[in-house]
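Novice: Input: one structure, supplied below.
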Amino acid sequence: MARKHGKGQGGGPTRAIEELTAAGAPFTVHEYEHDPAARAFGEETVEKLGIDPARAFKTLMVRLEPTGEFVVGCVPALARLSMKLIARAAGAKHAEMAEPALAQRRTGYVVGGISPLGQTTRHRTFIDESCLDHEAVVVSGGRRGLSVELSPLDLAERVGAEVVPLCAQ
Numbered sequence: 021m022a023r024k025h026g027k028g029q030g031g032g033p034t035r036a037i038e039e040l041t042a043a044g045a046p047f048t049v050h051e052y053e054h055d056p057a058a059r060a061f062g063e064e065t066v067e068k069l070g071i072d073p074a075r076a077f078k079t080l081m082v083r084l085e086p087t088g089e090f091v092v093g094c095v096p097a098l099a100r101l102s103m104k105l106i107a108r109a110a111g112a113k114h115a116e117m118a119e120p121a122l123a124q125r126r127t128g129y130v131v132g133g134i135s136p137l138g139q140t141t142r143h144r145t146f147i148d149e150s151c152l153d154h155e156a157v158v159v160s161g162g163r164r165g166l167s168v169e170l171s172p173l174d175l176a177e178r179v180g181a182e183v184v185p186l187c188a189q
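Here it is as structure tokens:
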């Protein structure tokens, strides 16, 4: 994949793009005009970029019990993250979605722009195994309306992720 960089809507490169650039990982930047009324950010990405929804992955933060550890799960944009499966993958008894404001503080990104890359605090990360069905996946590039496309293996390596089943049936 070619690297494409540009200032775009939100100014210079995000921490996610800076991390990929510093690592020399091949990636492509995709930008679109974010609709401020949109609340289903993954669906908006799929629609605006015209991509297969199975290749667009959303980034979610959960809190594990009983430890209180926060971890990140990446699942296809139209799928639902299974709390049972992410808890099992992380070796915990239970998991629950983190409050949006807390996810923003812990990652340094706004909801709808949370990337698994370049987070201000590194978290254990789990990516749904369906990512391996694709040559390239699309994840948030660190702000609403900005996505990056890269190999799922490069993504997993960059964030130290485990690739496991995560989607609710």
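Counting from 21, one number per residue, gives the positions in the sequence shown under the numbering used here. The beta carbon of each residue, even a glycine, is placed where N, CA and C say it ideally should be.
#1: To the nearest angstrom, how far is it from the Cα of D153 to the Cα of V183?
#2: Indicate the three-state DSSP secondary structure (helix, strand or coil) for E169 in the structure shown.
#3: What are the start and end residues of the beta strand (DSSP E) that includes K78?
#4: So is R125 buried or exposed if we call it buried at 16+ other beta carbons inside 10 Å?
#5: A58 to G132, Cα distance in whole Å?
#6: How many whole angstroms separate the CB atoms of A36 and V179, which I take to be in contact at a CB cut-off of 8 Å?
#7: Give me, in chain order, the residues of the same chain whose beta-carbon lies closer than 8 Å to that of Q139; leave out the 5 immediate sequence neighbours on both sides.
#8: Do the region 150-164 and the region 65-82 make contact, defined as three or more Cβ pairs closer than 8 Å?
#9: May I have the straight-line CA-CA distance separating A118 from Y52, to the nearest angstrom?
#10: Between R83 and S102, what straight-line distance do the alpha-carbon atoms span, to the nearest angstrom?
#11: Note down, in chain order, each residue of its chain lying with its Cβ closer than 7 Å to the Cβ of G161, except the 5 sequence neighbours on either side.
#12: Label L172 either buried or exposed according to how many other C-beta atoms from any shown protein chain fall within 10 Å of its C-beta, with 16 as the threshold for buried.
#13: Rounded to whole angstroms, what is the Cα-Cα separation between E116 and P86?
#14: Would you call the CB atoms of R163 and F61 closer than 8 Å?
#15: Below 8 Å between beta carbons: does that hold for C94 and T141?
#16: Name the DSSP beta bridge partners of M117, please?
Specialist: So, from the listed chains and residues:
#1: The sequence position of residue 153 within the sequence shown is 133, counting from 1. The sequence position of residue 183 within the sequence shown is 163, counting from 1. So the alpha carbons of these two residues sit roughly 12 Å apart.
#2: Your numbering for residue 169 matches position 149 in the sequence shown. Here E169 sits in strand by DSSP.
#3: Within the sequence shown, the letter at position 58 stands for residue 78. Taken as a continuous stretch (DSSP letters only), the beta strand (DSSP E) holding K78 covers 77-85.
#4: The count along the sequence shown starts at 1 and reaches residue 125 at position 105. That one is exposed.
#5: By 1-based counting over the sequence shown, the position of residue 58 is 38. By 1-based counting over the sequence shown, the position of residue 132 is 112. Put simply, the backbone Cα of A58 is about 9 Å away from that of G132.
#6: In the sequence shown, residue 36 corresponds to position 16, counting from 1. In the sequence shown, residue 179 corresponds to position 159, counting from 1. That belief does not hold up - the Cβ atoms of A36 and V179 are roughly 10 Å apart, past 8 Å.
#7: The count along the sequence shown starts at 1 and reaches residue 139 at position 119. Apart from the 5 residues on each side of it in sequence, Q139 sits with its Cβ closer than 8 Å to the Cβ of R35, V92, R126, T127, G128, Y129 in its chain, given in chain order.
#8: The count of Cβ pairs closer than 8 Å, one atom from the region 150-164 and one from the region 65-82, reaches three, so the stretches are in contact.
#9: The residue given as residue 118 occupies position 98 in the sequence shown. The residue given as residue 52 occupies position 32 in the sequence shown. The alpha-carbon atoms of A118 and Y52 are separated by roughly 27 Å.
#10: By one-based count along the sequence shown, residue 83 stands at place 63. By one-based count along the sequence shown, residue 102 stands at place 82. Rounded to the nearest whole angstrom, the C-alpha separation of R83 and S102 is 13 Å.
#11: For this step, residue 161 is matched to residue 141 along the sequence shown. The residues are T34, A36, I37, V49, S135, S167, V168.
#12: Stepping through the sequence shown from its first residue, residue 172 is reached at position 152. Note that residue 172 corresponds to Pro in the displayed sequence, not to Leu. P172 is buried by the Cβ-count criterion.
#13: If you number the sequence shown from 1, residue 116 lands on position 96. If you number the sequence shown from 1, residue 86 lands on position 66. About 11 Å.
#14: Within the sequence shown, residue 163 is the residue found at index 143, counting from 1. Within the sequence shown, residue 61 is the residue found at index 41, counting from 1. Pairing R163 with F61 gives a Cβ-Cβ distance that is not under 8 Å.
#15: Position 74 of the sequence shown holds residue 94. Position 121 of the sequence shown holds residue 141. In this structure, C94 keeps its C-beta atom at 8 Å or more from the C-beta atom of T141.
#16: Counted from its first residue, the sequence shown places residue 117 at position 97. M117 pairs with V82.
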